[in-house]
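*Asks:* I have a structure here, written as structure tokens, and I will follow up with some questions on it.
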Amino acid sequence: MADVVALVLAAGLSSRMTGFKPLLDLGGRSSLVRTIDLFHAAGVMDVRVVTGHRAAETRAEAVAAGADVADNLKYREGMFSSIQAGVRSLPPGAPFLLLPVDIPLVRPGTVRLLLDRHADNPERILHPTYQGERGHPPLLPADLRADILAWGGEGGLMGLLAHNEQRALDIPLADSHILLDMDTDQDATALAERLDYLDYPDREECETLLALRPNVNERGLAHSRAVERFASAMAGALLRAGYEPAPDARLVTAAALLHDVAKGLPSHEREGGRILDHLGFPRVARIVEAHRDIDLPEGAPLTEREIVYLADKLAKGQQLVSVEERFEAKLRLHGHDPEAAAAIRGRMGRALSMQKRMETAMGCSLEQLLGSPGGIQTLLGS
393 MADVVALVLA AGLSSRMTGF KPLLDLGGRS SLVRTIDLFH AAGVMDVRVV TGHRAAETRA
453 EAVAAGADVA DNLKYREGMF SSIQAGVRSL PPGAPFLLLP VDIPLVRPGT VRLLLDRHAD
513 NPERILHPTY QGERGHPPLL PADLRADILA WGGEGGLMGL LAHNEQRALD IPLADSHILL
573 DMDTDQDATA LAERLDYLDY PDREECETLL ALRPNVNERG LAHSRAVERF ASAMAGALLR
633 AGYEPAPDAR LVTAAALLHD VAKGLPSHER EGGRILDHLG FPRVARIVEA HRDIDLPEGA
693 PLTEREIVYL ADKLAKGQQL VSVEERFEAK LRLHGHDPEA AAAIRGRMGR ALSMQKRMET
753 AMGCSLEQLL GSPGGIQTLL GS
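Laid out in structure tokens, this is it:
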């Protein structure tokens, strides 16, 4: 089977923007370079950019980023003409991804998941979806090339795909960026504001990911939400105290919500880290894989990792409990086994040490923080 090729559609006029979409700066890289880079990061090395309007500038940017170029001399006829130009450039037998340059924040992990599913379903038309809505990039089988080049029906590519709906396979994902394009200057500003936390999912994406995990039940979801509330409260207290390094509140939220993403699987904390690495969330993965036990050296700083770890030790289901109560329940279950009991007591001692360091850094006790007016009741959502 031929390797998958990515076609980036960058031939349009950008008529609704003051800038030119392919060369628009997004955090120090053009939107075109970002789309090329995301495919390279996902392992798709053959990236072909379709040029049209301001072709020479777009070509130079594409080649410098390691992509090939296909020119569309008929770009004024619309996007489908660019799709046809890109398809003509494909090597024989190559399946292909299609991504307009104005959807530049799709995560590499999303493309990796599409490639995984394509390996098992090479004849299907794969549509990435977010909360039931189809987005980009679709992954199309090689045999659609001839149909695209010959298509004379209404609706361009959408019409062709509708004609082949029986071959479609929706791939539910937790990447909202598959739906986010930039047709206007306001759209571009909104995308730029997301760059600082592109490498971890927002709250809605976390909830979406958990809903997609068959191992996460309602009880597990309630626990994760409780851990997130406790962790966010601690992060807020550290920020108010001026603690350095200041915790990233969004990262705390993501890691706390996803800390049990692999619950029920062997070595669930390590498996959770592996899953999140594959999705392209390494910062979250490092926190999740450490949430069972941390032995923090004296003098080492408290980070998002320690916040989520301690929050997990304060949640029994969705109930706020003390560290001692959390571990005493485990001792009642395993106390008959001397080796297991010693390990549990060791973990409890490390958790209590972490609690002491956290309280010193916050300038208040956990009881004061989580039990203040609006504290426990609000944190537990009651």
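Read left to right, the sequence shown gives residues 393 to 774 (my numbering).
Just so you know, even glycine gets a beta-carbon here, dropped at the ideal spot from N, CA and C.
1. Hey, R518 and L482 are a contact pair by Cβ (cut 8 Å); roughly how many whole angstroms apart?
2. Between R480 and L541, which are expected to be in contact by the criterion C-beta below 8 Å, what is the C-beta distance as a whole number of angstroms?
3. My assumption, with CB atoms under 8 Å, is that L602 sits in contact with L649. Please give the rounded CB distance.
4. Between the beta-carbon of I495 and the beta-carbon of A454, is there less than 8 Å?
5. How would you call H528, buried or exposed, if buried means at least 16 neighbouring beta carbons within 10 angstroms?
6. Considering only the alpha carbon of each residue, which of V461, R426, R446 lies closest to G438?
7. For P639 and R675, what's the separation of their Cα atoms in angstroms?
8. Determine contact between the stretch 466 to 480 and the stretch 547 to 561, defined as no fewer than three beta-carbon pairs at a distance below 8 Å.
9. Between which two residues does the alpha helix (DSSP H) harbouring I736 extend?
10. Please report how far the alpha carbon of V644 lies from the alpha carbon of G755, in whole angstroms.
11. Between L405 and F412, what straight-line distance do the alpha-carbon atoms span, to the nearest angstrom?
12. Do you know offhand how far H670's Cα is from R446's?
13. Taking the alpha-carbon positions, what's the E698 to G672 distance?
14. Please confirm whether any heavy atom of the ligand ZN lies closer than 7 Å to the CB of D729.
15. Classify P593 as buried or exposed, calling it buried when 16 or more other Cβ atoms lie within 10 Å of its own Cβ.
16. Consult DSSP for H519 and reduce its assignment to one of helix, strand or coil.
17. Have a look at N464 and A477 and give me their C-alpha separation to the nearest angstrom.
18. Looking only at its chain, what residues have a beta carbon closer than 7 Å to the beta carbon of R605, apart from the 5 residues adjacent to it on each side?
19. Give me the Cα-Cα distance between V403 and R468, rounded to the nearest whole angstrom.
20. Is it a yes or a no for the stretch 659 to 666 touching the stretch 631 to 638, going by three-plus beta-carbon pairs under 8 Å?
21. If contacts are defined as beta-carbon pairs under 8 Å, then A641 and S624 qualify, I think. What distance do you get, rounded to the angstrom?
22. Within its chain, find whatever has a CB closer than 6 Å to the CB of S616; leave out the 5 residues flanking it on each side and keep chain order.
23. Tell me whether E696 is buried or exposed, calling it buried when 16 or more other Cβ atoms sit within 10 Å of its Cβ.
24. Report the three-state DSSP secondary structure of L505 (helix, strand or coil).
25. Using the beta-carbon count (16 or more within 10 Å), is A511 buried or exposed?
26. Looking only at its own chain, which residues have a Cβ that is under 6 Å from the Cβ of L489, when we skip the five neighbours before and after it?
27. Just list the beta strand (DSSP E) runs in the stretch 559 to 599, keeping only unbroken ones of 3 residues or longer that don't cross its boundaries, in chain order.
28. Start and end of the beta strand (DSSP E) containing T443?
29. To the nearest angstrom, how far is it from the Cα of D729 to the Cα of A584?
30. Indicate whether E525 and R559 have their beta-carbon atoms separated by less than 8 Å.
31. Decide if S422 is buried, meaning its Cβ has at least 16 other Cβ atoms within 10 Å, or exposed.
32. At the level of alpha carbons, what is the spacing between V442 and V400?
33. Taking only the alpha-carbon atoms, compute the straight-line gap between A753 and V503 and give it to the nearest angstrom.
34. On the three-state DSSP scale, how would you describe G766?
35. Per DSSP, which residues does F488 bridge with? Please list them.
36. From the DSSP output, which residues share a beta bridge with A476?
*Replies:* Answer, in terms of the structure:
1. Here residue 518 corresponds to residue number 126 of the sequence shown, with the count starting at 1. Here residue 482 corresponds to residue number 90 of the sequence shown, with the count starting at 1. Per the sequence shown, the amino acid found at residue 518 is Leu instead of Arg. That pair is no contact at about 17 Å.
2. As a working mapping, residue 480 is identified with position 88 in the sequence shown. As a working mapping, residue 541 is identified with position 149 in the sequence shown. That pair is a contact at about 7 Å.
3. Residue numbering aside, residue 602 sits at position 210 when the sequence shown is read from its first letter. Residue numbering aside, residue 649 sits at position 257 when the sequence shown is read from its first letter. With 8 Å as the limit, L602 and L649 qualify as a contact, their Cβ atoms being about 7 Å apart.
4. Sequence index remark: in the sequence shown, residue 495 carries index 103 (1-based). Sequence index remark: in the sequence shown, residue 454 carries index 62 (1-based). No, the Cβ-Cβ distance between I495 and A454 is not below 8 Å.
5. Residue numbering aside, residue 528 sits at position 136 when the sequence shown is read from its first letter. H528 comes out buried.
6. The sequence position of residue 438 within the sequence shown is 46, counting from 1. Residue identity differs from the one stated: residue 438 is Asp in this sequence, not Gly. Selected option, being the one with the closest Cα: V461.
7. Your numbering for residue 639 matches position 247 in the sequence shown. Your numbering for residue 675 matches position 283 in the sequence shown. One C-alpha to the other measures close to 13 Å.
8. yes
9. Looking up residue 736 in the sequence shown gives position 344. Where I736 is concerned, the enclosing alpha helix (DSSP H) stretches over 730 to 754.
10. Translated into positions along the sequence shown, residue 644 becomes position 252. Translated into positions along the sequence shown, residue 755 becomes position 363. About 19 Å.
11. Translated into positions along the sequence shown, residue 405 becomes position 13. Translated into positions along the sequence shown, residue 412 becomes position 20. Whole-angstrom Cα-Cα distance: 8 Å.
12. Start at 1 with the first residue of the sequence shown, and residue 670 comes out as number 278. Start at 1 with the first residue of the sequence shown, and residue 446 comes out as number 54. C-alpha separation (whole angstroms): 37 Å.
13. Within the sequence shown, residue 698 is the residue found at index 306, counting from 1. Within the sequence shown, residue 672 is the residue found at index 280, counting from 1. Each residue's Cα considered, the two are about 21 Å apart.
14. The ligand ZN is not part of this structure, which contains no ligands at all.
15. Against the sequence shown, residue 593 aligns to sequence position 201. Buried, because 16 or more other Cβ atoms sit within 10 Å of the Cβ of P593.
16. Here residue 519 refers to the residue found at position 127 when the sequence shown is read from its first residue. In this structure, H519 counts as strand in the three-state DSSP scheme.
17. Counted from its first residue, the sequence shown places residue 464 at position 72. Counted from its first residue, the sequence shown places residue 477 at position 85. Each residue's Cα considered, the two are about 6 Å apart.
18. Here residue 605 corresponds to residue number 213 of the sequence shown, with the count starting at 1. Closer than 7 Å at the Cβ level, and outside the excluded window around R605, lie V653.
19. By one-based count along the sequence shown, residue 403 stands at place 11. By one-based count along the sequence shown, residue 468 stands at place 76. The sequence shown places Ala at residue 403, not Val. Cα to Cα, A403 sits roughly 9 Å from R468.
20. no
21. Stepping through the sequence shown from its first residue, residue 641 is reached at position 249. Stepping through the sequence shown from its first residue, residue 624 is reached at position 232. Going by Cβ atoms, the distance from A641 to S624 rounds to 7 Å, so yes, they are a contact pair.
22. By 1-based counting over the sequence shown, the position of residue 616 is 224. Contacts found: L649, D652.
23. On the sequence shown, position 304 is the one that residue 696 refers to. With 16 or more Cβ atoms within 10 Å of its Cβ, E696 is classed as buried.
24. Indexing the sequence shown from 1 puts residue 505 at position 113. Helix, per DSSP.
25. In the sequence shown, the residue the question calls residue 511 occupies position 119. Under this definition A511 is an exposed residue.
26. Within the sequence shown, the letter at position 97 stands for residue 489. These residues qualify, in order along the chain: A398, P529, L531.
27. 560 to 565
28. Translated into positions along the sequence shown, residue 443 becomes position 51. Unbroken beta strand (DSSP E) run through T443: 439 to 443.
29. The residue given as residue 729 occupies position 337 in the sequence shown. The residue given as residue 584 occupies position 192 in the sequence shown. Spanning the two alpha carbons is a distance of roughly 55 Å.
30. Locating residue 525 in the sequence shown gives position 133, counting from the first residue. Locating residue 559 in the sequence shown gives position 167, counting from the first residue. Not in contact: E525 and R559 (Cβ atoms no closer than 8 Å).
31. If you number the sequence shown from 1, residue 422 lands on position 30. That one is buried.
32. Indexing the sequence shown from 1 puts residue 442 at position 50. Indexing the sequence shown from 1 puts residue 400 at position 8. Rounded to whole angstroms, V442 to V400 spans 6 Å at the Cα level.
33. Residue 753 sits at position 361 when you count from the first residue of the sequence shown. Residue 503 sits at position 111 when you count from the first residue of the sequence shown. Each residue's Cα considered, the two are about 41 Å apart.
34. As a first step, residue 766 is located in the sequence shown; it is residue number 374 there, counting from the start. Since pLDDT at G766 reaches only 33, below the 50 mark, its modelled position is unreliable, and the value read off the structure follows with that caveat. Note: G766 maps to coil in three-state DSSP.
35. Within the sequence shown, the letter at position 96 stands for residue 488. DSSP, once it has assigned bridges, lists V397, L532 as partnering F488.
36. Residue 476 sits at position 84 when you count from the first residue of the sequence shown. Correcting the residue identity first, residue 476 is Gln in this sequence and not Ala. Partner(s): none; Q476 has no beta bridge.
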